[in-house]
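The sequence shown: position 541 = 541 (the UniProt record's numbering), numbered continuously.
Glycine residues also receive a C-beta, built at the ideal position from the N, C-alpha and C atoms.
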Amino acid sequence: MFQVQDNAVMLVGYTDKDLKNAEEILEEEMVCKRVALEDKNVPQSPEWGNLKSFLNEMCNADGMKVSIEELPGKKGNEVVITGLSSSVEEAYRQIQDFVGKNTLVQKDIKVKSVATLQFMEGERKKEWNGISKNVEVVKKQNLISLSGLKTYVEEAEACVARMDSTLHSDTLNIDKPGAKKFCIDYEDMFISTAKNKYGCVIYFQKDGDTKISGHQPSQAEPLCQVNFQNEVTLALYKGDLCQHRADAIIIASNKDLKPSGGPALALLKAAGPKLQKECERIVQKEGELEPGENEVTDVENLPCKKVIHAVGPKYSEKDKSKSERLLRKAITRSLEAAAENVLNSAAISVASFIVSGIPADICVENILKAIKQYTENEEGVKSIRNIHLVDNDDHTVKTLTKFLKEEYGEENVQVPPKKSKKKPHWKKTSNKEETIKGDRSMVVTKEGVHVDVVHGNIEDTTTNVVVNSVGKELDLSSGAVSKALFGKAGNNLQNLLNTQKRGKEVKEGSVFVTDGCNLACDTVIHVVVPQWDGANGSAEKVRIRTCL
């Protein structure tokens, strides 16, 4: 027996078992889904009225199975679809499709670096042209702004996220005097070499540029992971949540979006005051959240793109099943929110929910059940491919490992092999010349610099840089060293050198840098040396320091 009182269903039964079974049936069969109306013009169109009429006739032809209402929500108006699960799913699919095809939105996406953006545009042309086909694309530094119909913008956003996740980017900071000017002067050559030899894109930061890449802290290997058939991975990490790399971080929050202590408080401090002010603004405008609900905010100063504040339940032993259900709801809703924001990965702070008062074992068990429920829903895993469990507490990590093996089977929980750490081997040397086996000798200067003297052909050397001596004519076919290098490098070496000298005065001591072409080295430095004068003048002052 049941009664409806104040937006709640009261169940009456003979035993706890009967009540629990009835509650499970209700949760399974009675579904409520929401579609946000970001464009206020959508529900005013005649097409929207026609769709509502069609769905009401189709779903409720033989009795009331679904209700479709437009109601004010926390983030603006939304369509609320309630009723039996089969009918709700069909109505939800058609309404979501209609809203997506008729809503104009704009999305700003940050990629790893300016070089990443240039690589996407230049080397992944097919995918990039697909993005710009249906949406307007505006680029600024490492920010991509997408504008257009929601369906196309979300598809483009997912494509950008996939490309960004498959590309590696790193930043090299050089603080040596004159290094910046040198790199800018020879920018074209460096860019060409990186592209042709290594398939990479280099971007040199210029004066006036803002930060060209985000902070990318190193991340340890997962302690263990589970790979699902739908290409979703669940991985366990031990580490600092504030330094963890994921598109979204899911933390437990109170109904007023204030941290519940522990990891959530540490995350808030690391993010800076702007995040807390944004949370306060949301609560002031939209009111407090209910258990199971969440709020998504942008974030700065952290490796993630979004923070999802999930409101968990106040745990009660008297109403244990309700507390567990609300916890599972908070997790699944948060993962759905990450997917709605077209994010690729989400990290869950298990400890933040434990700190809020839920016993550790119950918390871990229900979070894993919620993740399993989410990953089994094909509709929900369109963008989320990686779910991370992150904790720095040894006991919690052990508990998570135990429940992962129980939930998914020990044979399905993979543990990455540990990498052996070899200690560096340091070779003791004296300040005197040391002869090495083979056809080479080594001298260690008092400053600790190792100078190798090697007998062999310079054109066969495998160092990063080769220094070549040339005359003022820059003719590589003249001179023993130049001729040897030219013979192996090919005609392109002379062409590159001729290009470098255009518009420049060639004099004794001039230095020109080119690509190594067919040589085993990366770069050739050509130095214009004077005629030998018997060691009586400037001939012996070759610009070795300049080359170094």
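### Query
Where residue 469 and residue 344 are concerned, what is the direct C-alpha to C-alpha distance, given to the nearest angstrom?
C-alpha separation (whole angstroms): 53 Å.
### Coarse secondary structure for residue 253, derived from DSSP in three states
Under the three-state reduction of DSSP output, residue 253 falls in the strand class.
#### Entry: Cut-off 6 Å between Cβ atoms - residues of its own chain near residue 437, not counting five sequence neighbours on either side
Its pLDDT being 38, under 50, residue 437 is placed unreliably in this model, and the value from its coordinates should be taken loosely. In its chain, beyond the 5 residues on either side, no residue has a beta carbon closer than 6 Å to the beta carbon of residue 437.
### Query
Is residue 141 near the ligand NAD, going by C-beta to nearest heavy atom under 8 Å?
In terms of ligand content, the structure shown is empty, and the ligand NAD therefore cannot be addressed.
### Query
Looking at the structure shown, is residue 523 part of a helix, part of a strand, or coil, going by DSSP?
In this structure, residue 523 counts as strand in the three-state DSSP scheme.
### Query
Any idea if residue 229 is buried or exposed, counting beta-carbon neighbours within 10 angstroms, 16 or more meaning buried?
Residue 229 should be labelled exposed.
### Query
To which residues does DSSP link residue 34 through a beta bridge?
Bridge partners of residue 34: 80.
### Task
Check the DSSP bridge columns for residue 224 and list the partner residues they point to.
The partner list for residue 224 (beta bridge, DSSP) reads 236.
### Message
In the DSSP output, which residue or residues are listed as bridge partners for residue 109?
### Response
DSSP output for residue 109 lists 144 as bridge partner(s).
### Query
Which first and last residues belong to the alpha helix (DSSP H) in which residue 474 is found?
Segment: none, residue 474 is in no alpha helix (DSSP H) and carries neither H nor E.
### Query
Any idea which residues DSSP pairs residue 104 with across the strands?
149.
### Query
Just the Cα atoms here: how many angstroms apart are residue 130 and residue 46?
Each residue's Cα considered, the two are about 31 Å apart.
### Message
With three or more C-beta pairs closer than 8 Å as the rule, is the segment 229-242 touching the segment 148-160?
### Response
Taking 8 Å as the limit for Cβ pairs, the verdict is that the segment 229-242 does not touch the segment 148-160.
### Task
Out of 112, 182 and 453, point me to the one whose CA is closest to residue 171's CA.
Residue 112 is the option with its Cα nearest to residue 171.
### Message
Suppose the cutoff is 6 Å on Cβ atoms and the five residues either side in sequence are ignored; what does the same chain contact list for residue 551 look like?
### Response
In this structure the chain extends from 1 to 548, so residue 551 is not present and cannot be described.
#### Entry: Where residue 289 sits in the DSSP three-state scheme
Coil, per DSSP.
#### Entry: Distance, residue 350 Cα to residue 324 Cα
Between residue 324 and residue 350, the C-alpha separation is close to 14 Å.
### Task
Sort out for me which residues DSSP pairs residue 514 with in a bridge.
Per DSSP, 524.
### Message
For a test of the three-state rule: what should DSSP assign to residue 167, helix, strand or coil?
### Response
Coil, per DSSP.
### Unbroken beta strand (DSSP E) run spanning residue 306, endpoints
306-311 is the span of the beta strand (DSSP E), which, as asked, contains residue 306.
### Query
Looking at the structure shown, is residue 386 part of a helix, part of a strand, or coil, going by DSSP?
Residue state for residue 386 is assigned as strand, using DSSP reduced to three classes.
### Query
Quick one: is residue 243 near chain B, going by C-beta distance under 9 Å?
Absent here is chain B; the protein component of the structure consists of one chain.
### Query
Out of 511, 348 and 79, which has the shortest C-alpha to C-alpha gap to residue 36?
Proximity to residue 36 across 511, 348 and 79 peaks at 79, based on C-alpha coordinates.
### Query
What do you reckon, are the CB atoms on residue 524 and residue 453 nearer than 9 Å?
Going by C-beta atoms, residue 524 is not nearer than 9 Å to residue 453.
### Task
Whole angstroms is fine: what's the gap from residue 507's alpha carbon to residue 529's?
Straight across, the Cα-Cα distance linking residue 507 with residue 529 is about 9 Å.
### Message
Per the DSSP calculation, residue 346 is bridged to which residue(s)?
### Response
In the DSSP output, where bridge partners are listed per residue, residue 346 has 248 and 387.
### Buried versus exposed, by CB contacts within 10 Å (16 or more), residue 304
Note on residue 304: 16 or more other CB atoms within 10 angstroms of its CB, so buried under the neighbour-count rule.
### Query
How many Å lie between residue 13 and residue 19 at the Cα?
Take the alpha-carbon of residue 13 and the one of residue 19: they are about 6 Å apart.
### Message
Across the segment 280-298 and the segment 308-325, are there enough close Cβ pairs to call them in contact, namely three or more that are closer than 8 Å?
### Response
Result yes; three or more Cβ-Cβ pairs closer than 8 Å.
### Message
Any contact between the segment 362-377 and the segment 272-281? By contact I mean 3 or more CB pairs, one from each, below 8 Å.
### Response
Put simply, the segment 362-377 does not touch the segment 272-281. Fewer than three CB pairs are less than 8 Å apart.
#### Entry: Limits of the alpha helix (DSSP H) - the one that residue 114 falls within
Note, residue 114: alpha helix (DSSP H), 114-123.
### Query
Does the beta-carbon distance from residue 374 to residue 332 come in below 9 Å?
Cβ atoms of residue 374 and residue 332: closer than 9 Å.
### Message
Going by DSSP in three states, residue 463 sits in which element: helix, strand or coil?
### Response
In the three-state DSSP reduction, residue 463 falls in the coil class, being neither helix nor strand.
#### Entry: Contacts around residue 458, its chain only, beta-carbon distance under 7 Å, and the 5 residues preceding and following it disregarded
Closer than 7 Å at the Cβ level, and outside the excluded window around residue 458, lie 466, 481, 484 and 485.
### Task
Could you tell me which of 185, 329 and 155 sits nearest to residue 27, measuring between CA atoms?
That would be 329, whose Cα lies nearest to the Cα of residue 27.
### Query
What's the C-alpha gap between residue 242 and residue 277?
Answer to the nearest angstrom: the Cα atoms are 19 Å apart.
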